[in-house]
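Sequence positions in the sequence shown follow mature numbering (1 follows the signal peptide of the UniProt record, and there is no 0) and run -29 to -1, 1 to 536. Taking it in order: structure first as structure tokens, then the write-up.
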Amino acid sequence: MGWCPLFCKGNMGTLSLVLLLLSVQWSWAQEDPLLPFSEHLDPELKVRLKWGFDEIQGTILFELTVNTSGWVGFGFSPKGGMTGADIVIGGVGPEGRYFTDRHAGGNSMPVVDQQQNYKLLSLIESDGKTVMKFQRLIGSCDENDLPITVSLLNHCLLYSIQRESSSTPHMPRVNPPNSNFFDITMVNFTVPAKQTHYHCKIMRAPTFDRKQHIYRIEPVITNLDLVHHLLLYRCPLTVTEPLEAECYTGVDRECMETVAVWGVGGGAFEFPEVAGLPIGGNVGDFFYRLEVHYNNLNKSADRVDNSGLRFYYTSELRQHDAAVLGTGLVIAPWYAIPPKAKSFLTYGMCDTAYIPEVLETPHDLQVFSVMLHTHLAGRKVRVGHSRGGKQIDLLAADENYDFEYQEVTNLGKTKPVKLGDKLLVECTYNTENRSTLTWGGFSTSDEMCLAFLFYYPAMNLSSCVSFPDVTSLGSAMGATDLVTWLYMMFTKTWNDTSINQYQQTLKRIDQLVVVTNSNNNGSHNKGTLPDLSVIPSAPCMSGCATKSLALLSLLLCLAVQWASL
């Protein structure tokens, strides 16, 4: 099922609507990073809608282009008809341009709303075309406006037809010409009878004479109750032999450039039309490492697994090579989260000013998607974006993080990260039900704080992370060596006061910032964490976000009427 937009055109004297049910595959526009989605709404390709949204600011932006010099209208319908529809009408007339926010009570001229919640940004009529760009809040407190909830955006703007056999919506299928797929999976691997196991398999990917672009990645999961997440890494050219073993016990440590990521609860991921993951040709004859995290809570024995990832590729190359950058907190066993904490914050910083130290030709990043990751104690994850010492945005945020539902999330628009910007990954943990320290590490009972950024154009970059400087931490806490610090941590009485003091200490001390390229060459610098504040949502987002959700059926329907001018 899908989103329910309503479109109409004609002269101001007439308004009759003909319903046209249409199955839509959403595509990406190339011209404007603020309007990454694009679709023609009619078979004749005379009506084109582009849109983008900002989940942090709580706004959605539209641009409607119609081959007409009359008026145009666009809106949302609860059931596909006029009754209850939330509509805007605009055009250019003898006295200039006009634009109004309206609602319909039936098959008659929509009534002008007392409260005008849509904001006209531009309206141009030229060469037989009308282009209308406008913006509104995702949620609205006007009873005549239908709120577009964040959930609706994620499930309807980004997803298309719902599988009959599952309540989980999925990404629309894009089928470029000359496309095919290959799988990278485990093969008859017997999962150990222990709660946490990371298994790695180093192998070659299929070889291609010419470079191809991967445009879609799907999980291939044979044991949903065991597989928690998958990662595929590209190995440096120094890795020349296949290997299969428990992760992080040997040469697999050299393969650390993230290529693909999947987490429990997630589905397939589609790349934007302007970018694809490169493979084959002059990209190089690389080995890849598949990492599977098995979370075997019942310690079941003799379970055989063949899970992995399916990669759809095409020889029709896209405009940019895409890549994934790992950011956040270094995964290390000497990072401690206190017990009995209701809301404990940790931070990992990527300072892009240091990227030129490991790359000869660095450039800005155009970030379009992100996957946020913690373990069981995680409750929130935010990625702050600072420039020139000031926060300019939240690149991404999940205020209700769920360990059992992790997926690559589209940002709604392409967000530029300039060299010199700082990205701060903040994770909030709850350890109220724990009586001992929680350490950074790979086990499900350990913790992580990561954000995987999907961006283009690709760079030979692996990670940009940080870790509290151990010497500064020990000095700030009065410990002269690591043993003394460990003793202090294990014997400390943890209460609200001591937890807050420790959290503030971690935030104010120097951080070790590590940037690593594809060949595992890294830079090591010290830096301090920028401040991170929550950018307030637009008014009425929280109060009315769910007010009319029941009204918005997810049946995609478009109403188009071509009236004579």
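Each residue gets a CB set at the ideal place from its N, CA and C atoms; glycine is no exception.
6 Å Cβ shell around residue i - same chain, five flanking residues per side excluded
i, result
"L336", "V388, Y426"
"V63", "E96"
"K351", "E370, Y372, T399"
"N266", "H199, T415"
"L444", "I480"
"V301", "V436, F438"
"E34", "L6, K21, K104"
"R358", "D392"
"L343", "V352, D369, A422"
"F374", "L347"
"S406", "P310"
Alpha-carbon to alpha-carbon, residue j and residue i
i, j, result
"L421", "C206", "20 Å"
"D467", "Q474", "11 Å"
"V275", "M320", "39 Å"
"G41", "L20", "17 Å"
"N490", "E262", "19 Å"
"P148", "S9", "19 Å"
"D3", "F160", "46 Å"
"L347", "T167", "13 Å"
"K104", "D72", "14 Å"
"Y219", "L16", "53 Å"
"K478", "I58", "48 Å"
"A368", "G99", "42 Å"
"L424", "V82", "45 Å"
"Y306", "L330", "29 Å"
"N404", "K313", "9 Å"
"Y259", "H495", "26 Å"
"E244", "G67", "37 Å"
"M227", "Y204", "6 Å"
"residue 537", "G299", "Nothing can be reported for residue 537: it is not among the residues displayed for the chain, which extend from -29 to 536."
"L108", "Y69", "20 Å"
Beta-carbon proximity of residue i to residue j, cut-off 8 Å
i, j, result
"E397", "G349", "no"
"P249", "H334", "no"
"V235", "Q106", "no"
"L395", "P501", "yes"
"H264", "Y169", "yes"
"D417", "K386", "no"
"Q362", "L268", "no"
"A239", "E189", "yes"
"A324", "A293", "no"
"E241", "Y284", "no"
"L408", "I470", "no"
"residue 537", "S111", "Limits of the chain in this structure are -29 at one end and 536 at the other, which puts residue 537 out of reach."
"A447", "W456", "no"
"V338", "V295", "no"
Residue(s) in a DSSP beta bridge with residue i
i, result
"K393", "D322, S357"
"S174", "The identity of residue 174 in the sequence shown is Met, whereas the question assumes Ser. Looking at the DSSP assignment, M174 forms a beta bridge with Y259."
"A368", "R353"
"S494", "V486"
"T104", "Going by the sequence as given, residue 104 is Lys instead of Thr. Partner(s): E34, S93."
"L280", "I155, P190"
"C398", "T317, V352"
"D25", "T30"
"D72", "V59"
"E418", "G411"
Contacting residues, own chain, Cβ-Cβ under 8 Å from residue i (five flanking each side not counted)
i, result
"G221", "L214"
"I326", "P333, L390, M430, L432, C435, V486"
"G252", "F179, D180, R181, K182, Q183"
"P163", "Y265, N267"
Same chain, Cβ closer than 7 Å to residue i, neighbours up to 5 away in sequence not counted
i, result
"V191", "D154, T156, S278, G279, L280, R281"
"S340", "V379, T380, N381, L382, F425"
"V43", "K(-21), L35, V37, G61, G62, T101, M103"
"L92", "K104, F105, Q106"
"T209", "E225"
"W233", "P190, H200, L201, L280"
"P428", "H291, D292, H334"
"D440", "I480, D481, Q482, L483, K497"
"N151", "Y284"
"M460", "A307, L408"
"N488", "V329, L330, N431, L432, S433"
> Which runs of the beta strand (DSSP E) spanning at least 3 residues fall entirely within the stretch 284 to 360, listed in chain order?
Replying inline: 294 to 300, 315 to 322, 336 to 344, 349 to 358
>> Which complete beta strand (DSSP E) runs does the stretch 198 to 249 hold, if anything under 3 residues is left out?
In response: 198 to 205, 214 to 217, 228 to 234
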